[in-house]
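Before any comments, here is the structure.
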Amino acid sequence: MDPPVVPADRLGGWRRVAETTDRPFVAGPVSVTASTVRYERSDAPGPRPFCFASRLRIRPETAPNVALTRLVERRAREGFRDRLAERDVEAVERRGDREIAIDDPDASRATLWTFRGDCRTDAADGRDGEGAGAVPVEALLAVWATDEYFLAGGAYPLDAGAYSDGRGPADARRELLGIVRGVRPPARGANRDGNE
């Protein structure tokens, strides 16, 4: 199963760091397979902003519905917290949720959650002369459906010192939201960078 497409024109300064397919959920005859692509900003010191997009396949095949959407959303939030923990983000707090439009005209509105936490850092993270400490980060997670479910999101530092060239956290948030909104199902004949 191919991962979703992230349009190449929204990935300036980002590099693909992983593409995985795994089975995050199995309960009796029901299973969920997730195909995920992950990117990091190539021009940022630690902690590096990252983003990801996942496409879910549920077996036995089931059309999106209210109960299933609630389950997918709950499991997605739990999995996202695990993903943040793997990236040394601690003390994660949910800061709110809202609906956003996705660029795909066949998609439902996405539920977007905002989280905040602290990323442990050390001198090896490439921050100018700083020793161990914590950098506040904001993380976003969106879940929506077409005829299948999609997840997308990422995180970025809230510390202005983590940015160069006049960029800041507000720019990082706008950029991440643009990437999330641009995620779409893979199209026949499309290559892995989102170009057809």
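In the numbering used here, the protein residues as written are 248 to 443.
We put the beta carbon where it would ideally sit given N, CA and C, even for glycine.
(Q) Suppose you measure from the CA of Val-427 to the CA of Asp-335; what does that come to, to the nearest Å? (A) Each residue's CA atom was taken as its position, placing Val-427 and Asp-335 some 22 angstroms apart.
Q: Kindly indicate which residue of Ala-357, Val-253, Tyr-286, Val-273 has the alpha-carbon position closest to the one of Arg-306.
A: The residue with the shortest Cα to Cα distance from Arg-306 is Val-273.
Q.
For Leu-303 and Ala-281, I'd like the C-alpha separation in whole angstroms.
A. The alpha-carbon atoms of Leu-303 and Ala-281 are separated by roughly 5 angstroms.
Q: Can you tell me the Cβ-Cβ gap for Val-384 and Ala-402, rounded? I've got them flagged as a contact below 8 angstroms.
A: The pair is a contact, with the Cβ atoms about 5 angstroms apart (cut-off 8 angstroms).
**Q.** Bridge-paired residues (DSSP) for Val-384
**A.** Looking at the DSSP assignment, Val-384 forms a beta bridge with Gly-364, Pro-404.
Q. Among Arg-295, Ala-332, Ala-323, which residue has its Cα nearest to the Cα of Val-279?
A. Out of Arg-295, Ala-332, Ala-323, the CA that lies nearest to the CA of Val-279 is found in Ala-323.
Q) Thr-393 bridges to which residues according to DSSP? A) The partner list for Thr-393 (beta bridge, DSSP) is empty, contrary to what the question assumes.
Q. Grouping DSSP H, G and I as helix and E and B as strand, with all else coil, what is Asp-269?
A. Three-state DSSP puts Asp-269 in a strand.
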